[in-house]
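The opening position of the sequence shown corresponds to residue 23 in this note's numbering, with each subsequent residue numbered one higher. First up is the structure itself, then whatever we jot down about it.
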Amino acid sequence: MTVKEKVYRLQKLLWPGYGDRRVPPPVYHICRAKDAETGEYFYFSAPDIRLLTIEREAERYAFVPGSIEILISTRDRNRARALAPELR
């Protein structure tokens, strides 16, 4: 099995209907979280499916657990990436 096939199978597990044009793209969230060391807020964008993982691994990402706030949700990944730095 090639790497491409493995990735496709993983995507199928994560997003049922992956590769099917009828399934809408994942929702991307522009979020704000509080830095654990400085206490300042920082902004980032993350797909819906990753947000839960990020919340669980708060120490690894160096933010205060439970401090994630979703500010904007969109299905357009490029818009989410463009807006996150502008909010600073």
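By construction, the Cβ of each residue, glycine as well, lies at the ideal position given by its N, Cα and C atoms.
So who's on the other strand from Pro-69, going by DSSP bridges? Indexing the sequence shown from 1 puts residue 69 at position 47. The partner list for Pro-69 (beta bridge, DSSP) reads Tyr-50.
Quick one: grab the DSSP three-state call for Ile-90. Position 68 of the sequence shown holds residue 90. If DSSP states are grouped into helix, strand and coil, Ile-90 belongs with coil.
Please work out which residues of its chain come closer than 8 Å, Cβ to Cβ, to Asp-57, disregarding the five sequence neighbours upstream and downstream, and give them in chain order. What you label residue 57 is simply residue 35 of the sequence shown in a count that begins at 1. Within the same chain, Asp-57 has close Cβ partners Tyr-63, Phe-64, Ala-84, Phe-85 and Val-86.
I need the boundaries of the alpha helix (DSSP H) containing Glu-62, first residue and last residue. By one-based count along the sequence shown, residue 62 stands at place 40. Element bounds for Glu-62: n/a, residue is neither H nor E.
Assign Thr-96 to one of three DSSP states: helix, strand, or coil. As a working note, residue 96 is residue 74 in the sequence shown. Strand at Thr-96.
Pick helix, strand or coil for Ala-55, following the three-state DSSP scheme. As a working note, residue 55 is residue 33 in the sequence shown. Strand, per DSSP.
Figure out for me which residue from Val-49, Arg-54 and Arg-82 has the closest Cα to the Cα of Phe-66. Locating residue 66 in the sequence shown gives position 44, counting from the first residue. Measuring from the Cα of Phe-66, the nearest candidate turns out to be Arg-54.
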